[in-house]
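Only one structure is covered here, and it is reproduced in the block below.
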């Protein structure tokens, strides 16, 4: 594995641990399906951030790379990810992506 890849993994781990210290939970340990959650996921050099109710997502999207359900459920394909319960359960859902530069 290249040094850059190892360095990227290390920075991503530090990023996740910093968020966990602020109350976020590791995505790999699971999340509730029936409430609105906020999430951050690192995938292919991008940080995907959003809010959704996983139970309301199309279950067939779990196999489609880049969809919200793929990012949340295919933890073997992402670099890191965190989630927390959305403070406002009636808030608007959606997501955005930007380059990850720790």
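Numbering (this note's numbering), first residue to last: 622 to 723. Virtual Cβ for every residue (Gly too), placed ideally from N, Cα, C.
Beta-carbon separation (whole angstroms), residue i vs residue j, contact threshold 8 Å
i: residue 729; j: residue 645; result: The requested residue 729 is not part of the displayed model; the chain covers only 622 to 723.
i: residue 700; j: residue 664; result: 7 Å
i: residue 682; j: residue 688; result: 4 Å
i: residue 720; j: residue 666; result: 6 Å
Option in the options with minimal Cα separation from residue i
i: residue 716; options: 668, 643, 647; result: 668
i: residue 672; options: 719, 639, 713; result: 713
i: residue 718; options: 681, 684, 662, 701; result: 662
i: residue 707; options: 629, 653, 697; result: 653
i: residue 650; options: 702, 675, 711; result: 702
i: residue 709; options: 685, 674, 686, 629; result: 674
Buried or exposed by the 16-neighbour rule on C-beta atoms within 10 Å, applied to residue i
i: residue 747; result: Any question about residue 747 goes unanswered here, given that the chain covers just 622 to 723.
i: residue 677; result: exposed
- Would you check if the region 644 to 660 and the region 690 to 704 touch, i.e. whether three or more CB-CB distances between them fall below 8 Å? Counting C-beta pairs with one atom in each stretch, the region 690 to 704 and the region 644 to 660 have three or more that are closer than 8 Å, which means they touch.
- Message: Runs of 3 residues minimum, wholly inside the region 631 to 678: which ones carry the beta strand (DSSP E) assignment?
- Response: With a minimum length of 3 residues, the unbroken runs of beta strand (DSSP E) contained wholly in the region 631 to 678 fall at 658 to 664, 667 to 673.
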